[in-house]
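Residue numbering for the sequence shown follows this note's numbering, beginning at 20 and increasing consecutively. These notes are about the structure you will find just below.
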Amino acid sequence: MSICETPAHCCNIDEEEERDDHPWYHDILRYVKSREYPDQATENDRRTLRRLANDYVLDGKILYKKRKDQVLLRCVDAIEARKTLEEVHEGVCGTHANEFTMARQIMRFKNYWSTMEGDCIRYAKKCHKCQIYGDKIHVPPSPLHVMTSPWPFSMWGMDFIGQSHQRLLMDIDSFSWSLITSPNE
């Protein structure tokens, strides 16, 4: 048996950094600003970029994504996205909400990035407090053991006596042979 000095982590997700010096929206910004395509872009890539750029608006140097209800969401890079995730999830007014509620709250703050929902899911899975104090909704239910116990009811009999409106409900206890009647209207 060995004792580990470092704590174990159930879900250790490394922080992802930008692969290069450009944010995720660099090509869209460049196209919206000056109608330039990236180097080595195929015709299919150019068509996709034109289609994507229809939903983006440039105001000064800030790029906004236009939602279907015409609300503008500011496009943020990975560093600002991480700060926004931390503030919304566990900041001063952070509620440790689930991943989909967190994504809606971020959009209410008028921020947007392309991998927002996936980042919210990973961040909520990584949050230690959420894992400890959260509801155990993904725990399998305990098995139900059906117990049939017909013996008390095998000694009972019920019958309706009468026609249409005037009926009599008779319960007969076969064990003690007592008769219980109640008029039923």
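Backbone N, C-alpha and C fix where the C-beta goes; we use that ideal spot for every residue, glycine too. The structure displayed is predicted, hence computed values, not measured ones.
* Any contact of the segment 124-140 with the segment 81-98, i.e. 3+ C-beta pairs under 8 Å? -> A contact exists between the segment 124-140 and the segment 81-98.
* **Continuous alpha helix (DSSP H) stretch holding lysine 87: start and end** => The residue you call residue 87 lines up with position 68 of the sequence shown. Per DSSP, lysine 87 belongs to no alpha helix (DSSP H) and is neither H nor E.
* Which one or two residues does DSSP pair with isoleucine 81 in a beta bridge? -> Numbered from its first residue, the sequence shown carries residue 81 at position 62. Note: isoleucine 81 sits in a beta bridge opposite Asp78.
* At which residues does the alpha helix (DSSP H) containing threonine 67 begin and terminate? -> The residue given as residue 67 occupies position 48 in the sequence shown. Secondary structure note for threonine 67: its alpha helix (DSSP H) is the uninterrupted segment 62-72.
* Span of the alpha helix (DSSP H), counted from its first residue to its last, around serine 53 -> For the purposes of this step, residue 53 is identified with residue 34 of the sequence shown, where counting begins at 1. Note, serine 53: alpha helix (DSSP H), 45-53.
* To do: Find the nearest neighbour of aspartate 88 within the set Met121, Asp74, Val111 and Cys112, judged by alpha-carbon distance.
  => Walking along the sequence shown from the start, residue 88 turns up at place 69. Of the listed residues, the one whose Cα sits closest to aspartate 88 is Asp74.
* Asked: Where do the N-terminal and C-terminal ends of the alpha helix (DSSP H) with tyrosine 56 fall, by residue?
  -> Here residue 56 refers to the residue found at position 37 of the sequence shown. Note, tyrosine 56: premise wrong, no alpha helix (DSSP H); not H, not E.
* **Cβ-based burial, isoleucine 47 [other Cβ within 10 Å; buried from 16]** => The sequence position of residue 47 within the sequence shown is 28, counting from 1. Isoleucine 47 should be labelled buried.
* Nearest candidate by alpha-carbon position, reference arginine 69, set Gly79, Ile81, Tyr56 and Leu77 -> Indexing the sequence shown from 1 puts residue 69 at position 50. Of the candidates Gly79, Ile81, Tyr56 and Leu77, the residue whose Cα lies closest to the Cα of arginine 69 is Tyr56.
* To do: Could you pull the start and end residues of the alpha helix (DSSP H) that glycine 137 belongs to?
  => Looking up residue 137 in the sequence shown gives position 118. Per DSSP, the unbroken alpha helix (DSSP H) holding glycine 137 starts and ends at 135-145.
* Does cysteine 112 come within less than 7 Å of chain B when only Cβ atoms are used? -> Within the model displayed, chain B is absent; a lone protein chain is all it includes.
* To do: Flag this pair as yes or no: are the beta carbons of tyrosine 131 and lysine 84 separated by less than 7 Å?
  => Along the sequence shown, read from residue 1 onward, the residue named residue 131 stands at position 112. Along the sequence shown, read from residue 1 onward, the residue named residue 84 stands at position 65. Yes, the pair counts as a contact, with Cβ atoms nearer than the cut-off.
* Asked: Roughly how many angstroms lie between the CA atoms of glutamate 99 and threonine 61, to the nearest whole one?
  -> The sequence position of residue 99 within the sequence shown is 80, counting from 1. The sequence position of residue 61 within the sequence shown is 42, counting from 1. If I take the Cα positions, the gap works out to 31 Å.
* Asked: Measuring CA to CA, which of Arg101, Leu77, Trp43 and His108 is closest to serine 53?
  -> To locate residue 53, count along the sequence shown from 1; it is residue 34. Answer by Cα proximity: Leu77.
* To do: Specify, as a first and last residue, the run of the alpha helix (DSSP H) that histidine 108 falls within.
  => For the purposes of this step, residue 108 is taken as the residue at position 89 of the sequence shown. Start and end: 97-109.
* **glutamate 118 vs isoleucine 151 beta-carbon contact at 7 Å** => Taking the sequence shown and counting its residues from 1, one reaches residue 118 at position 99. Taking the sequence shown and counting its residues from 1, one reaches residue 151 at position 132. Going by C-beta atoms, glutamate 118 is not nearer than 7 Å to isoleucine 151.
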